[in-house]
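Residue 3 is where the sequence shown starts when you use this note's numbering, and the numbers rise one by one after that. The beta-carbon is built from N, C-alpha and C at its ideal position, and this holds for glycine as well. Comments concern the structure below.
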Amino acid sequence: MFYIDFHIDTLMRWLVDEAKSGASNVDLWENNYHVDIERLIKSNYAAQFFACFICLGEEPIYKESHYDDALKSIDVFHSQLARNPQKIVLAGSYEDYIANKDSGKLSAFLTIEEGGIIDGKIESLDELYNKGVRAITLTWNYENCIGYPNSRFKFSDKGLKPFGIEAVERMNDLGIIVDVSHLSDAGFYDVYKYSKRPFMATHSNSRAVHNHDRNLTDEMVKMLANKGGMTGLNFCGAFLQNDNMSKIDGMLAHIRHLINIGGLEVIGIGTDYDGIDGELEIKGAEDIHMLSDAMERNGFTSKEIEAVCYKNAEGFLKRFWS
Ligand SMILES: [Zn+2]
Numbered sequence: 003m004f005y006i007d008f009h010i011d012t013l014m015r016w017l018v019d020e021a022k023s024g025a026s027n028v029d030l031w032e033n034n035y036h037v038d039i040e041r042l043i044k045s046n047y048a049a050q051f052f053a054c055f056i057c058l059g060e061e062p063i064y065k066e067s068h069y070d071d072a073l074k075s076i077d078v079f080h081s082q083l084a085r086n087p088q089k090i091v092l093a094g095s096y097e098d099y100i101a102n103k104d105s106g107k108l109s110a111f112l113t114i115e116e117g118g119i120i121d122g123k124i125e126s127l128d129e130l131y132n133k134g135v136r137a138i139t140l141t142w143n144y145e146n147c148i149g150y151p152n153s154r155f156k157f158s159d160k161g162l163k164p165f166g167i168e169a170v171e172r173m174n175d176l177g178i179i180v181d182v183s184h185l186s187d188a189g190f191y192d193v194y195k196y197s198k199r200p201f202m203a204t205h206s207n208s209r210a211v212h213n214h215d216r217n218l219t220d221e222m223v224k225m226l227a228n229k230g231g232m233t234g235l236n237f238c239g240a241f242l243q244n245d246n247m248s249k250i251d252g253m254l255a256h257i258r259h260l261i262n263i264g265g266l267e268v269i270g271i272g273t274d275y276d277g278i279d280g281e282l283e284i285k286g287a288e289d290i291h292m293l294s295d296a297m298e299r300n301g302f303t304s305k306e307i308e309a310v311c312y313k314n315a316e317g318f319l320k321r322f323w324s
């Protein structure tokens, strides 16, 4: 079985740890976090989306601005990939992904989690695209130049700002995936209205199964599917069920419901590894097979299991870039 994961925070977890603790013998290839490249390869991932997460609420780590910090982190990311281009290669399109898969290489996609880093400068999107960024999570948990977060439903009815609409349009033109995870509900509806391309929630679950502001309502799931989009199943316990433990049973309940509401093609994987705390039944990339194994034991068909693990993601990438 192949796997494609739309969202992990490993890059920033590593860089923040390194900055805070000084010299470090940890890197993206081998570490004791939820994910490293060696384990992704061992578990037969076909693609991993690596988020460069920037926290607007904290001072930049390296540079004067959050944007410059992101650029520096992107450089570090590229130099990590360059250590072994026989195993992992940056992908910037569906064609890149297929070429990498055909030659037995893991595709690495680069994303930004916090669109606010562009600080009202539309041309920064072009620069980010040129540096390999192919998806941007419009907001994290802060208001920014694009719009508002859904955190605690405080800004639920506040949509995209005029600059946010412009940013979505520019991302459409460039070929950067708009990611609505964390975005306010009204922001979601605006993306639906203004985005000409399919869009994603890279790491969000079902609000009907578990009522959390980070999850999608049934109406949103239908709208997402209607636009050719999809959501990535988030492994965070707090988004799955009422306790903080991340359980496979909870994941299966979300998958079942999302398929019932949005159709088979609406759901993939967006673990949020290295961005989530608490106890996990699927402890890291080395154990991702536990998800497909559990689906099989619980009556999902092989077509459904493949769809969730990688085929829906492949379909989305193809639709997005066609
Ligand atoms: Zn997130």
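Would the beta-carbon of residue i be found less than 7 angstroms away from any heavy atom of ligand 1?
i	result
residue 274	yes
residue 184	yes
residue 205	yes
residue 60	no
residue 277	yes
residue 115	yes
Going by beta-carbon coordinates alone, are residue i and residue j separated by less than 8 angstroms?
i	j	result
residue 177	residue 6	no
residue 54	residue 79	yes
residue 142	residue 168	no
residue 1	residue 164	This structure does not reach residue 1, given that the chain is present from 3 up to 324, and the question cannot be answered.
residue 113	residue 135	yes
residue 42	residue 108	yes
residue 199	residue 52	no
residue 106	residue 146	no
residue 320	residue 96	yes
residue 119	residue 68	yes
Among the options, which has the Cα closest to the Cα of residue i?
i	options	result
residue 76	95, 282, 22 and 133	133
residue 144	153, 138, 137 and 15	153
residue 2	27, 38 and 23	Missing from the structure shown is residue 2; the chain here goes from 3 to 324 and no further.
residue 290	242, 44, 67 and 305	44
residue 272	286, 229 and 281	286
residue 235	163, 33 and 275	275
residue 208	160, 242, 182 and 82	242
residue 310	104, 297 and 320	297
residue 100	307, 316 and 308	316
residue 155	294, 34, 214 and 49	214
residue 98	67, 302, 49 and 74	49
residue 253	261, 237 and 246	237
residue 257	206, 104, 93 and 221	206
residue 87	220, 102 and 262	102
residue 137	26, 217 and 175	175
residue 262	300, 220, 303 and 288	220
Suppose the cutoff is 6 angstroms on Cβ atoms and the five residues either side in sequence are ignored; what does the same chain contact list for residue i look like?
i	result
residue 180	170, 173, 193, 197 and 201
residue 162	149, 189 and 192
residue 82	30
residue 204	8, 9, 181, 183, 234 and 272
Below 8 angstroms on the Cβ atoms is my guess for residue i versus residue j; work out the distance and round it to an integer in Å.
i	j	result
residue 4	residue 312	4 angstroms
residue 211	residue 255	5 angstroms
residue 1	residue 160	Absent from the model: residue 1. The displayed extent of the chain is 3 to 324, so no value can be given.
residue 248	residue 281	7 angstroms
residue 166	residue 140	7 angstroms
residue 15	residue 47	Their Cβ separation, rounded to whole angstroms, is 18 angstroms, which puts residue 15 and residue 47 out of contact at 8 angstroms.
residue 284	residue 250	7 angstroms
Starting from the C-beta of residue i, find all residues in its chain whose C-beta is less than 8 angstroms away, skip the five residues before and the five after it, and write them out in chain order.
i	result
residue 85	31
residue 244	212
residue 89	39, 43, 107 and 108
residue 307	3, 294, 297 and 298
Could you name the residues of the same chain whose beta carbon sits closer than 7 angstroms to that of residue i, not counting the 5 residues immediately before and after it, in chain order?
i	result
residue 63	17, 18, 21 and 71
residue 232	202, 226, 267, 268, 269, 270, 314 and 318
residue 264	223, 224, 226 and 227
Within the 8 angstroms Cβ cut-off, does residue i reach chain C?
i	result
residue 140	Although the question refers to chain C, the structure presented lacks it and comprises just one protein chain.
Say the cut is 7 angstroms; is the CB of residue i nearer than that to a heavy atom of ligand 2?
i	result
residue 281	This structure lacks ligand 2; the ligands present are ligand 1.
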